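Enquirer:
There are 2 protein chains.
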Amino acid sequence: MSERRLQEALETLKESGVRITPQRHAVLEYLIKSMSHPTADEIYKALEGKFPNMSVATVYNNLRVFRDIGLVRELTYGDSSSRFDCNTEKHYHIICEKCGKIVDFHYPSLDEVESLAEQVTGFDVTHHRMEVYGICNDCKKKEQH
Amino acid sequence: MSERRLQEALETLKESGVRITPQRHAVLEYLIKSMSHPTADEIYKALEGKFPNMSVATVYNNLRVFRDIGLVRELTYGDSSSRFDCNTEKHYHIICEKCGKIVDFHYPSLDEVESLAEQVTGFDVTHHRMEVYGICNDCKKKEQH
DNA sequence: ATATAGATTATAAACATTATCAAATAATAA
DNA sequence: TTATTATTTGATAATGTTTATAATCTATAT
């Protein structure tokens with residue numbers, strides 16, 4: 001399952017004329033298998049074992065390459081560092097305000113909002129972003145100790 | 001009009017037990033009168049004339065104070081620095097991908113999304129954020145030269 | 001008018017990200 | 001296969017935003 005997604009991602013790299021280096025393979029694999037929304041530094045640390053000599057710059061460079069060919073989304077929340085999401089299906093995120101956990105959820109795309117915004121502002125709309133914030137189950141339980 | 005909003009803001013500071021210093025007064029005044037969504041550095045530079053000795057730290061500290069008492073919203077987009085919005089009415093933003101301009105627009109709040117997310121994820125939802133992206137009129141005209 | 005908790009300033013530090021560039025590697029042509 | 005070329009990597013420095021520190025100053029309550 002995640003194996004297939006990795007193959008598809010590698011295929012996309014080829015089609016885009018991007019070389020498949022061991023480092024790129026590893027970053028992609030981690031993004032897909034971790035099923036999370038890691039920061040560049042988390043990826044860097046996770047791959048330290050396999051690639052003791054890999055530079056942080058390589059992680060950043062490759063994440064940018066992946067983003068530019070549409071393979072991953074860069075998520076910028078209030079906190080200091082970007083997170084990267086390789087789930088390319090349309091979906092939204094809900095974020096826990098206590099622990100920072102990010103959970104995916106689906107919602108029929110907000111086309112109405114886009115067309116209204118277009119009418120009111122005269123912009124040519126390309127896309128939108130939306131996140132919901134709240135407290136996750138784990139953190140609710142902890143609060144009640 | 002903006003004079004009244006400034007008075008209200010100062011009142012809020014008093015009620016929250018936050019001292020009204022000349023620097024705070026000036027930052028608030030700039031936020032309200034500029035009608036824009038400035039970065040901390042923009043505010044700092046704009047007030048350089050009146051307060052040649054004001055420290056950047058003061059701007060950051062006070063923006064945090066204002067945010068914590070609900071007087072301004074901190075907007076974090078993909079770009080490097082936060083922007084600050086002292087319009088506390090509920091509204092959304094549309095952002096130009098070419099020039100970065102931010103324009104307000106209104107839309108009936110997306111309560112449905114919040115309650116669906118709550119059901120699906122088990123979170124206690126507190127709020128959400130949404131932005132629409134596109135190309136503004138000015139930039140469209142420039143493209144056609 | 002005075003005391004004091006809180007605010008300001010200047011500076012240094014922290015942190016994420018980007019730029020630089022020599023060396024390594026991979027793709028391509030001959 | 002080998003030579004040539006283009007890209008990528010890794011080490012490091014640089015950049016830019018934001019926060020921490022500590023000495024000095026000030027708004028406000030008494």
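In order, the protein sequences belong to chains A and B. For reference, each letter of the first sequence is one residue, going 1 to 145 in this note's numbering. For reference, each letter of the second sequence is one residue, going 1 to 145 in this note's numbering. In this text, a Cβ means the ideal position worked out from N, Cα and C, and glycines have one as well. The model shown is predicted, which means the values in this text are computed figures rather than measured ones.
1) Under the rule that 16 or more other beta-carbon atoms within 10 Å means buried, what is residue 32(A), buried or exposed?
2) Report yes or no: do the segment 58-66 of chain B and the segment 70-85 of chain A share at least 3 C-beta pairs separated by less than 8 Å?
3) Which residues of the segment 117-144 of chain B have a Cβ closer than 8 Å to any Cβ of chain A? Give them in chain order.
4) State buried or exposed for residue 121(B), treating a residue as buried only when at least 16 other CB atoms are found within 10 Å of its CB.
5) Can you tell which of 3(A), 56(A) and 127(A) has the C-alpha that lies nearest to the C-alpha of residue 40(A)?
6) Taking only beta-carbon positions, decide if residue 96(B) is within less than 8 Å of chain A.
7) Using a cut-off of 7 Å between C-beta atoms, extract the partners of residue 88(B) located in chain A.
8) Nearest-angstrom Cα distance between residue 109(A) and residue 109(B)?
9) Three-state secondary structure (DSSP) at residue 96(A)?
10) Give a yes or no on whether the C-beta atoms belonging to residue 95(B) and residue 44(B) are separated by under 8 Å.
11) Going by DSSP in three states, residue 84(A) sits in which element: helix, strand or coil?
12) What are the partner residues of residue 133(A), as DSSP defines its beta bridges?
13) Given that a residue counts as buried once 16 or more other Cβ atoms are within 10 Å of its Cβ, and exposed if not, what is residue 114(B)?
14) For residue 89(A), which option in 79(A), 34(A), 105(A) and 140(A) has the closest C-alpha, if you only look at C-alpha atoms?
15) Would you decide whether residue 37(B) is buried or exposed? Buried here means 16 or more other CB atoms lie within 10 Å of its CB.
16) Along the alpha helix (DSSP H) that carries residue 75(B), what are the first and last residues, could you check?
17) Could you pull the start and end residues of the alpha helix (DSSP H) that residue 32(A) belongs to?
18) What residue range does the alpha helix (DSSP H) around residue 41(B) cover?
19) According to DSSP, is residue 103(B) part of a helix, a strand, or is it coil?
20) Have a look at residue 73(A) and residue 142(A) and give me their C-alpha separation to the nearest angstrom.
21) What does the Cβ neighbour count give for residue 99(B), buried or exposed, with the cut at 16 atoms within 10 Å?
22) Spell out whether any CB of chain B is found under 8 Å from the CB atom of residue 39(A).
Expert: Concretely, from the data shown:
1) buried
2) no
3) Listed in sequence order: 117, 118, 120, 121, 122, 123, 124, 125, 126, 127, 128, 129, 130, 131, 132, 133, 134, 135, 136, 137 and 140.
4) With 16 or more Cβ atoms within 10 Å of its Cβ, residue 121(B) is classed as buried.
5) 56(A)
6) yes
7) The premise fails here: residue 88(B) is roughly 17 Å from chain A at the closest Cβ pair, so nothing lies under 7 Å.
8) The straight-line gap from Cα to Cα measures roughly 15 Å.
9) strand
10) no
11) strand
12) Answer is 95(A) and 127(B), bridged to residue 133(A).
13) buried
14) 105(A)
15) buried
16) That residue, residue 75(B), is in no alpha helix (DSSP H); its beta strand (DSSP E) goes 73-75.
17) 22-34
18) 40-46
19) strand
20) The C-alpha of residue 142(A) is placed about 31 Å away from the C-alpha of residue 73(A).
21) exposed
22) no
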